[in-house]
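Undergrad: The letter at position 47 of the sequence shown is residue 286 when you use the numbering used here, and the numbering goes up by one with no holes. We put the CB at the ideal spot given by N, CA and C, even for glycine.
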Amino acid sequence: CREEHPLLLALAKRSDIHIYGVNNKDATEDAKKFLTEFGNPFAAIAADKAGRATIDLVAYGLPETFIVDGNGIIRFKIIGGLGASMADGTFTAELAKASHPIN
240 CREEHPLLLA LAKRSDIHIY GVNNKDATED AKKFLTEFGN PFAAIAADKA GRATIDLVAY
300 GLPETFIVDG NGIIRFKIIG GLGASMADGT FTAELAKASH PIN
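(1) What is the residue span of the beta strand (DSSP E) that Phe-305 lies within?
(2) State the CB to CB distance for the pair Glu-268 and Leu-321, rounded to an integer number of angstroms; the pair is presumed to be in contact (CB under 8 Å).
(3) Are there three or more Cβ pairs, one per stretch, closer than 8 Å when the stretch 270-290 is compared with the stretch 240-257?
(4) Measuring CB to CB, does Ile-284 end up less than 8 Å from Asn-262?
(5) Please list the segments of the beta strand (DSSP E) lying wholly inside the stretch 253-305, counting only runs of 3 or more residues, in order along the chain.
(6) Taking all protein chains shown into account, decide if Ala-266 is buried (16 or more other Cβ within 10 angstroms of its Cβ) or exposed.
(7) Work out the CA separation of Asp-327 and Pro-245 for me, nearest whole Å.
(8) With C-beta atoms as the reference, is Ala-251 less than 8 Å away from Pro-280?
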């Protein structure tokens, strides 16, 4: 979380992106403390105390990022932190693809 947090804060400044988070098994107070200290880039945050959403999303390399289009369809999944995907252009390319309707 600490490594990709500055990237999330930067992305949250964009008007074309909404960032939603899932608090996976962390205590609510710990998550609130982290966001208060480092800033909150999220439009909303869901709590997954049991880790069920992780299982349902087949997430196994936390952190993971899902690029979801305007229809709520997962268009791309990034396993691990965003840094490498942003550095090599994958994130930007996939984000651009998700902004276009599926044919």
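TA: Walking through what the data contain:
(1) That run of the beta strand (DSSP E) goes 303-307.
(2) Between Glu-268 and Leu-321, the beta carbon gap of about 26 Å keeps them out of contact (Cβ cut-off 8 Å).
(3) yes
(4) yes
(5) 259-263, 283-287
(6) exposed
(7) One C-alpha to the other measures close to 17 Å.
(8) yes
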